[in-house]
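Each residue of the sequence shown is one higher than the one before, starting from 31 at the first, in our numbering.
Just so you know, even glycine gets a beta-carbon here, dropped at the ideal spot from N, CA and C.
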Amino acid sequence: MLELLRIKNLALIEDVELEFSHGLNALTGETGAGKSFIMRAVDFLMGERMDPKLVRPGAEKATVEALFVLPEGETVIRRELSAETGRSRVFVNDALSSQPTIRDMKSRLVVHTSQHGQQKLLSPAFQAEVLDRFLPSPALLRDRDEALAALSDILERQRVIRARFEDMDKQREFLEFQKREIEKVDPKPGEENALEDLKKTIRDRDRAGESLQNALNVLHGEVGLLDAMTLLTREMEIIARLFPGFEDDRDAIEELRLLLHDLDTRLRRGPEGLSGEEESMSIDDIEARLFELARLKRKLRRGLDEIVDLKKELDESLSFLDASALDLKGLRKEESAAAVKLREALDSLNRAREKAARELSIRIVDELTDLGFSEHVKVFFEFDPRELYPGCEDRRGRLMWVPNPGQAPQPLDRIASGGELSRFLLALVSLGGNDKGHDALPSLIFDEVDAGIGGLTLGAVGKKLRALADRQQVLLITHWPQLAGQADRHFLIRKDVVDDETFTRCHRLGPGEIRAELSRMAGGGEQGDALAEKLCS
């Protein structure tokens, strides 16, 4: 249950604190005092959006904080809204949390019914959800969703394969043409640069041939340098023996002679570095290959490295076209099996819905009768089939009713008045409880659920609210003294103007104050006092 609610710096509220009790808590006051806004603050706390312009002027932020008493203990939730950035932060037991976490907790904490909820009741989709809440097991919906998701995944995979197949199949001839052209030339990665390098190497080698021959002629000509060095070495040996001062010169001449012999050997061997295949290629061969590669680049309008990569892509694309037929055949088998599972899940779900609809209709009629409807009122669910897949129908329930004998069944939005919708919503909320105790059930917030009703019907609504309050906590915003008079705790919401500033105040009423407020709600005067006295007795 919601034990304590505090609101600071939100719209006209500067600082309001409400301490609720078990049972029925009534909030009353003049129209426009801010009663519904207090409930909007609860919605904000539970994850709904709030306009940052609603932060009270002059304040940095608005804060809504609540203390909930749950079976596992107390939980404090606080949410802050920044006036400057419009961003909000939420805390659970003073630890920073997230809005999705709060939204997940909401169903355990608060159920808020309002005039918006009444209009929501007119939606066929919401009516279908209402029926599904009364299914014997949530697994029925989960099985349908999982089967549908599996089938949808298979169909999507088929769609992707078919779309790619159709696109590639239109280009098959072009793809095969590109592949043939590439295979004829069979380019290798980096081949073009390698050929240019080889061409330069061969030309450099040819230019070096003449120089090699000239160098050999110098070494072995008519006056060969090697022969001259041998003769010079012999003479220097004699000179060094006779004149020791020439020994270093003799050694230098000998070293030079040996170097020239080594140079002779290398010049005869010629340049190195070409493989056998490269050695066999001529400049004409290289130019012909380069022309072939250039023509392929022009034809395919791509660089050579791109063409090498393109060949891999073409091989993959053509292989995909060949394999697609097999893949689609396998997916069709998966589709058939998934369709069977979906059909079985829907058959079980639809049977359970029909049974739940019969039982729920009886219970709704009982609740409506307690709320002042004619004993002849009839309610049932009409099923609207939606084909999720050929042969697989999801039959969703839609509320139909006959408020009076002799009328044809109609949807709620055709014949239900605001007051009837209020009581319908109250009836559905009443069916949602169980016997777990106050703290295990969410707090029920009724925001003017009594709109559009009056007279004897108020008594019936009051009894139903009282019965709900005996089961779980109820927060009720009302303009009717007959309902407020049943409250276990009564709060008055009013607007005060102080120094040209407007404030929304909230005050828990004592016994005498309750009598005065009920009298005001009843119109005041002797008649109002009399009704207030009766309600308080």
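Alpha-carbon spacing of residue i relative to residue j, whole angstroms
| i | j | result |
| --- | --- | --- |
| S460 | R189 | 47 angstroms |
| W510 | A387 | 34 angstroms |
| V409 | D377 | 24 angstroms |
| D175 | D529 | 60 angstroms |
| L565 | D500 | 18 angstroms |
| N123 | Q437 | 55 angstroms |
| V274 | R287 | According to the sequence as given, residue 274 is Pro; it is not Val. Taking the straight line from one Cα to the other gives about 21 angstroms. |
| E102 | E33 | 15 angstroms |
| K38 | T115 | 18 angstroms |
| Q129 | R117 | 12 angstroms |
| S305 | A318 | Low local confidence applies: a pLDDT of 49 at S305 is under 50, so the model's placement there is unreliable, with the coordinate-based value given in what follows. Using only the alpha carbons, I get a separation of about 19 angstroms. |
| L42 | L84 | 9 angstroms |
| A517 | L54 | 5 angstroms |
| F411 | R425 | 11 angstroms |
| H537 | M31 | 20 angstroms |
| V215 | E365 | 45 angstroms |
| A367 | R428 | 31 angstroms |
| F121 | V99 | 16 angstroms |
| G303 | D314 | In this predicted model, G303 has a pLDDT of only 49, less than 50, meaning its place in the structure is not dependable; the value taken from the coordinates is given anyway. Roughly 20 angstroms between the two C-alpha positions. |
| A113 | A89 | 7 angstroms |
| M551 | M430 | 36 angstroms |
| V527 | L539 | 21 angstroms |
| A56 | G542 | 16 angstroms |
| G570 | L126 | Nothing in the structure corresponds to residue 570, since the chain is present only between 31 and 567. |
| K150 | K525 | 31 angstroms |
| P168 | L471 | 19 angstroms |
| L456 | V140 | 15 angstroms |
| A560 | V160 | 42 angstroms |
| P435 | D162 | 28 angstroms |
| D281 | R271 | 12 angstroms |
| T340 | R328 | Just to set this straight, residue 340 is Leu in the shown sequence, not Thr. About 14 angstroms. |
| A490 | P415 | 37 angstroms |
| A258 | G333 | 59 angstroms |
| M266 | L297 | 27 angstroms |
| F204 | I191 | 20 angstroms |
Which residues DSSP lists as bridging residue i, in chain order
| i | result |
| --- | --- |
| I125 | According to the sequence as given, residue 125 is Ala; it is not Ile. Looking at the DSSP assignment, A125 forms a beta bridge with V122. |
| E423 | E417 |
| I37 | V46, V94 |
| Q149 | For Q149, which the question treats as bridged, DSSP gives no partner whatsoever. |
| D477 | I507 |
| S182 | BP columns for S182 are empty, so no partner. |
| G103 | L100 |
| Q440 | W431 |
| T58 | L522 |
| E412 | R428 |
| H291 | For H291, which the question treats as bridged, DSSP gives no partner whatsoever. |
| T534 | K525 |
| E221 | Bridge partners of E221: none, in fact. |
| S112 | K91 |
| L2 | A question about residue 2 goes unanswered here, because the residues of the chain that appear run from 31 up to 567. |
| H142 | I475 |
| L32 | F98 |
| V85 | L40 |
Identity of the residue in the options nearest residue i by Cα
| i | options | result |
| --- | --- | --- |
| D173 | T115, L455, P101, L379 | L379 |
| R545 | T532, E104, H520, R524 | H520 |
| L290 | D278, L256, L139, D314 | L256 |
| G220 | I268, K214, D335 | D335 |
| I283 | A514, A41, R296, L261 | L261 |
| E374 | G62, L181, N55 | L181 |
| K359 | P154, L185, N55 | L185 |
| T231 | M311, G254, E543 | M311 |
| H142 | L40, I337, I507 | I507 |
| K342 | M135, I212, T263 | I212 |
| L548 | G402, D292, E563 | E563 |
| K136 | G402, L474, M259 | L474 |
| L372 | H52, L170, R163 | L170 |
| K209 | H250, D162, L330 | L330 |
| I483 | K494, R496, F476, S452 | S452 |
| D294 | E285, R325, H250 | H250 |
| S567 | G515, L297, R187 | G515 |
| I392 | F164, R138, G59 | F164 |
| F156 | P441, P433, I269, L495 | P441 |
| F476 | G59, V46, S66 | S66 |
| task | Pair every Cβ in the region 89-105 with every Cβ in the region 71-78, then say whether three or more of these pairs are closer than 8 angstroms. | result | yes
| said: Quick test of the definition: if touching needs 3 or more C-beta pairs under 8 angstroms, does the region 74-82 touch the region 108-118? | reply: yes
| message | For the pair the region 210-226 and the region 380-399, tell me if three or more CB-CB distances fall below 8 angstroms. | response | no
| request: Answer yes if the region 386-405 comes into contact with the region 416-425, meaning at least three C-beta pairs across the two stretches below 8 angstroms, and no otherwise. | output: no
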